[in-house]
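J.: In the UniProt record's numbering, the protein residues as written are 1 to 503.
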Ligand SMILES: Cc1cc2nc3c(=O)[nH]c(=O)nc-3n(C[C@H](O)[C@H](O)[C@H](O)COP(=O)(O)OP(=O)(O)OC[C@H]3O[C@@H](n4cnc5c(N)ncnc54)[C@H](O)[C@@H]3O)c2cc1C
């Protein structure tokens, strides 16, 4: 069953979590009634609540009675344990999207993500001092490809988008000379790469800033409360059943990402699949930072995608403020072959096999100028923490946003299934979803004109439709470079203990 497990591994981002907010309950008892119940407290939940309050105020409505319910501590799901990278996909999936949706929609999916760098900047600024705590920095993403075959695949997709949409691709700069790539990136062994605008942030702190702001507007947050079921009466009242009692409301949002099938098994079991992922933080030595500080204050001046075989991409940010930690995620070559280790698996209480050793040998293998002797004692590779997190992979690769069709589902809103790539999508999706929710709150039902505005505000593939829900498609394993027809396998395969297999 897709429910969050207790005792998850401890990520870097939560190390100075505010204990008051982490286990916050606005009232000792669960309220028994609300206008809107939001299940989840990650970035999807937090941005949805924020936008509902903003849009309700813009419409001159009184602040709605919102209850947010979180199974564990505040934002302790994927949002509290991700890579912190706001990295739009500006080329890699273009050819694939074009074959699925045509050239215009493929481009729309990419410009939508690109626009999120500015959306975060504006959002953080609008939150004042609280927003500043989230340490957002606009950077250049630098993708470094190690295998010529994978570089060829990516380059074809990049050139196709460039040819189809020259005006939208001007900020993407290709680097074809491996020596130049090494100088630009500081990553050893790359054959081809490119750079484009991106950002990085402390996602947990942004999420908490948004939740604090909503609490001040009257939201009731109930952490450590598990929603176990949703039932709707013929009168249109939803009963949100939890392990601490039931709340009645007319509108519910499932902002439950990987865990959506826990509360909506019939609809989402085959559509949003929990997938285990991992990341770590590396503490670079002072001399390493100083030797690299040619442009900005971190150990590396860019953020990175470091790509090996299909599905085996690492991602990395280098915090340019305060602690200067490097956050590195991926390590998929260590466990992808063992489908049961990651596919349809919600256990973020344990590390994935082989990942600690992978991260610990990473810096000396791939970081130009990294000297092993500078590492702090007891921290091989400078690795401080390794953690696991659960991503909500989508059967057709794109998120699920909207109100479910049918009278029996009226008032049930979904924002989930970000396919491990929520940062450059979630705030925009939440703003669109809030259009539907505020229409329902003010008019009793979502009006047709608002529904149209909602559809136009999003890339069309994100919108939940009956056709999408009925489609018998599952591209998840294929998108990870795995054979989709292969059954989940427990057959023993030799463990890779070095990275050489990737190169
Ligand atoms: C290791 C890792 C690295 C990643 N790196 C990046 C990255 O660098 N860039 C990027 O764009 N994306 C990244 N992602 C993905 C990104 O973190 C997600 O897309 C995003 O955080 C999703 O936010 P969310 O609010 O939808 O889901 P979540 O943050 O997972 O929030 C869902 C919440 O719902 C709660 N919940 C679920 N079921 C119930 C229930 N029944 N009752 C009560 N509460 C419930 C959960 O406890 C959880 O807190 C990464 C993810 C992981 C795990």
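From the three backbone atoms N, C-alpha and C, an ideal C-beta is built for every residue, glycine too.
1) Could you check whether the Cβ of residue 257 sits closer than 6 angstroms to any heavy atom belonging to ligand 1?
2) Helix, strand or coil, according to DSSP, for residue 161 in the structure here?
3) Please tell me whether residue 95 and residue 157 are closer than 7 angstroms, where the distance is taken between their beta carbons.
4) Which residue's Cα is closest to the Cα of residue 259: 270, 249 and 250?
5) With burial defined as no fewer than 16 other Cβ atoms inside 10 Å of the residue's Cβ, what is the status of residue 491: buried or exposed?
6) Is it true that the CB of residue 8 sits closer than 7 angstroms to the CB of residue 348?
7) Using the three-state DSSP reduction, which class does residue 461 fall into: helix, strand or coil?
8) Which first and last residues belong to the beta strand (DSSP E) in which residue 254 is found?
9) Give me, in chain order, the residues of the same chain whose beta-carbon lies closer than 7 angstroms to that of residue 359; leave out the 5 immediate sequence neighbours on both sides.
10) Quick check on the burial criterion: 16 or more other C-beta atoms within 10 angstroms. Buried or exposed for residue 171?
11) May I have the straight-line CA-CA distance separating residue 151 from residue 312, to the nearest angstrom?
12) Taking only runs of the beta strand (DSSP E) that begin and end inside the stretch 159-204, which ones reach a length of at least 3 residues, in chain order?
13) Cβ of residue 72 versus every heavy atom of ligand 1: is any distance shorter than 6 angstroms?
14) To the nearest angstrom, how far is it from the Cα of residue 218 to the Cα of residue 210?
15) Looking at ligand 1, does it come within less than 6 angstroms of residue 226, judged from the CB to the closest heavy atom?
16) Kindly list the residues whose CB is nearer than 8 angstroms to the CB of residue 62, restricted to its own chain and excluding five residues on each side of it in sequence; keep chain order.
17) Does the distance from the CB of residue 354 to the CB of residue 324 come in under 7 angstroms?
18) Would the beta-carbon of residue 43 be found less than 6 angstroms away from any heavy atom of ligand 1?
19) What separation, rounded to the nearest whole angstrom, lies between the Cα atoms of residue 167 and residue 89?
20) Taking the Cβ atom as the reference point for each residue, do residue 47 and residue 317 lie within a distance shorter than 7 angstroms?
21) Compare the C-alpha of residue 345 against each of 273, 91, 315 and 213 and name the closest.
22) If we count the other Cβ atoms within 10 Å of its Cβ and call it buried at 16 or more, is residue 275 buried or exposed?
23) If you follow the alpha helix (DSSP H) that residue 20 is part of, which residue opens it and which one closes it?
24) Is residue 82 near ligand 1, going by C-beta to nearest heavy atom under 6 angstroms?
25) Let me check understanding here. Comparing Cα to Cα, which of 179, 191 and 139 lies closest to residue 155?
26) State yes or no: is the C-beta of residue 389 nearer than 6 angstroms to some heavy atom of ligand 1?
27) Can you tell me which residues form a DSSP beta bridge with residue 220?
28) Classify residue 81 as buried or exposed, calling it buried when 16 or more other Cβ atoms lie within 10 Å of its own Cβ.
29) When the Cα atoms are used, what is the spatial distance from residue 143 to residue 444?
30) With DSSP as the reference, label residue 356 as helix, strand or coil.
31) Decide yes or no for the touch test of the stretch 248-258 against the stretch 39-46: beta carbon pairs closer than 8 angstroms, at least 3 of them.
32) At a cut of 8 angstroms, does the stretch 170-190 reach the stretch 18-36 through at least three beta carbon pairs?
33) Is it true that the CB of residue 440 sits closer than 7 angstroms to the CB of residue 214?
34) Once DSSP output is grouped into helix, strand and coil, what is the label at residue 100?
35) Could you name the residues of the same chain whose beta carbon sits closer than 7 angstroms to that of residue 226, not counting the 5 residues immediately before and after it, in chain order?
36) In the DSSP output, which residue or residues are listed as bridge partners for residue 13?
T.: By the coordinates alone:
1) Taking the first residue of the chain shown as position 1, residue 257 is located at position 257. Yes, the Cβ of residue 257 comes within 6 angstroms of a heavy atom of ligand 1.
2) Counted from its first residue, the chain shown places residue 161 at position 161. The three-state reading of DSSP puts residue 161 in helix, counting H, G and I together.
3) Position 95 of the chain shown, counted from the first residue, corresponds to residue 95. Position 157 of the chain shown, counted from the first residue, corresponds to residue 157. For residue 95 and residue 157, yes; Cβs fall inside 7 angstroms.
4) Looking up residue 259 in the chain shown gives position 259. Per the Cα distances, 270.
5) For this step, residue 491 is matched to residue 491 along the chain shown. Unreliable positioning characterises residue 491 in this predicted model, as indicated by a pLDDT of 39, which lies under 50. The coordinate reading is nonetheless provided below. That one is exposed.
6) Mapped onto the chain shown, residue 348 falls at position 348. Mapped onto the chain shown, residue 8 falls at position 8. Yes, these two residues count as a Cβ contact at 7 angstroms.
7) Position 461 of the chain shown, counted from the first residue, corresponds to residue 461. When secondary structure is reduced to three states using DSSP, residue 461 falls in the helix class.
8) For the purposes of this step, residue 254 is identified with residue 254 of the chain shown, where counting begins at 1. It spans 251-254 - the beta strand (DSSP E) in which residue 254 sits, taken as one unbroken run.
9) Within the chain shown, numbered from 1, the residue matching residue 359 stands at position 359. Sequence-distant partners of residue 359 (beyond 5 residues in either direction) whose C-beta falls short of 7 angstroms from its own C-beta, in its chain, are 280, 328, 331, 381, 383 and 386.
10) Walking along the chain shown from the start, residue 171 turns up at place 171. Answer is exposed; the Cβ neighbour count stays below 16.
11) Counted from its first residue, the chain shown places residue 151 at position 151. Counted from its first residue, the chain shown places residue 312 at position 312. Those two C-alpha atoms are separated by around 13 angstroms.
12) Within the stretch 159-204, the runs of beta strand (DSSP E) that reach at least 3 residues and sit entirely inside it are, in chain order, 173-175 and 192-200.
13) Stepping through the chain shown from its first residue, residue 72 is reached at position 72. For residue 72, the shortest separation between its Cβ and any heavy atom of ligand 1 lies below 6 angstroms.
14) For the purposes of this step, residue 218 is identified with residue 218 of the chain shown, where counting begins at 1. For the purposes of this step, residue 210 is identified with residue 210 of the chain shown, where counting begins at 1. Cα-Cα distance, rounded: 13 angstroms.
15) Residue mapping note: residue 226 aligns to position 226 of the chain shown, counting from 1. Result yes, Cβ under 6 angstroms from ligand 1.
16) As a working note, residue 62 is residue 62 in the chain shown. Setting aside the 5 residues that flank it on each side, residue 62 is surrounded in the same chain by 56, each with a C-beta closer than 8 angstroms to its C-beta; the list follows chain order.
17) In the chain shown, the residue the question calls residue 354 occupies position 354. In the chain shown, the residue the question calls residue 324 occupies position 324. The answer is no: Cβ separation not under 7 angstroms.
18) To locate residue 43, count along the chain shown from 1; it is residue 43. Yes, Cβ of residue 43 sits closer than 6 angstroms to a heavy atom of ligand 1.
19) Counting from 1 along the chain shown, the entry for residue 167 is found at position 167. Counting from 1 along the chain shown, the entry for residue 89 is found at position 89. Those two C-alpha atoms are separated by around 16 angstroms.
20) Taking the first residue of the chain shown as 1, we reach residue 47 at position 47. Taking the first residue of the chain shown as 1, we reach residue 317 at position 317. Contact: no.
21) Taking the first residue of the chain shown as 1, we reach residue 345 at position 345. Of the candidates 273, 91, 315 and 213, the one whose C-alpha sits nearest the C-alpha of residue 345 is 273.
22) On the chain shown, residue 275 is found 275 positions in, with the first residue counted as 1. With 16 or more neighbouring CB atoms inside 10 Å of its own CB, residue 275 falls in the buried class.
23) For the purposes of this step, residue 20 is identified with residue 20 of the chain shown, where counting begins at 1. Unbroken alpha helix (DSSP H) run through residue 20: 19-22.
24) For the purposes of this step, residue 82 is taken as residue 82 along the chain shown, with counting starting at 1. Indeed, a heavy atom of ligand 1 lies less than 6 angstroms from the Cβ.
25) Mapped onto the chain shown, residue 155 falls at position 155. For residue 155, the nearest C-alpha among the options comes from 191.
26) Within the chain shown, numbered from 1, the residue matching residue 389 stands at position 389. Taking 6 angstroms as the cut-off, one finds at least one heavy atom of ligand 1 near enough to the beta carbon of residue 389.
27) In the chain shown, residue 220 corresponds to position 220, counting from 1. Beta-bridge pairing links residue 220 to 67.
28) By one-based count along the chain shown, residue 81 stands at place 81. Counting Cβ neighbours within 10 Å, residue 81 comes out buried, since at least 16 surround it.
29) For the purposes of this step, residue 143 is taken as the residue at position 143 of the chain shown. For the purposes of this step, residue 444 is taken as the residue at position 444 of the chain shown. In a straight line, the C-alpha of residue 143 is about 48 angstroms away from that of residue 444.
30) Walking along the chain shown from the start, residue 356 turns up at place 356. The three-state reading of DSSP puts residue 356 in helix, counting H, G and I together.
31) Taking 8 angstroms as the limit for Cβ pairs, the verdict is that the stretch 39-46 does touch the stretch 248-258.
32) Contact between the stretch 170-190 and the stretch 18-36 is not established, with fewer than three Cβ pairs separated by less than 8 angstroms.
33) Here residue 214 corresponds to residue number 214 of the chain shown, with the count starting at 1. Here residue 440 corresponds to residue number 440 of the chain shown, with the count starting at 1. Not in contact: residue 214 and residue 440 (Cβ atoms no closer than 7 angstroms).
34) To locate residue 100, count along the chain shown from 1; it is residue 100. Here residue 100 sits in helix by DSSP.
35) The count along the chain shown starts at 1 and reaches residue 226 at position 226. Within the same chain, residue 226 has close Cβ partners 3, 71, 242 and 243.
36) In the chain shown, counting from the first residue as 1, residue 13 sits at position 13. Looking at the DSSP assignment, residue 13 forms no beta bridge with any residue, so it has no partner.
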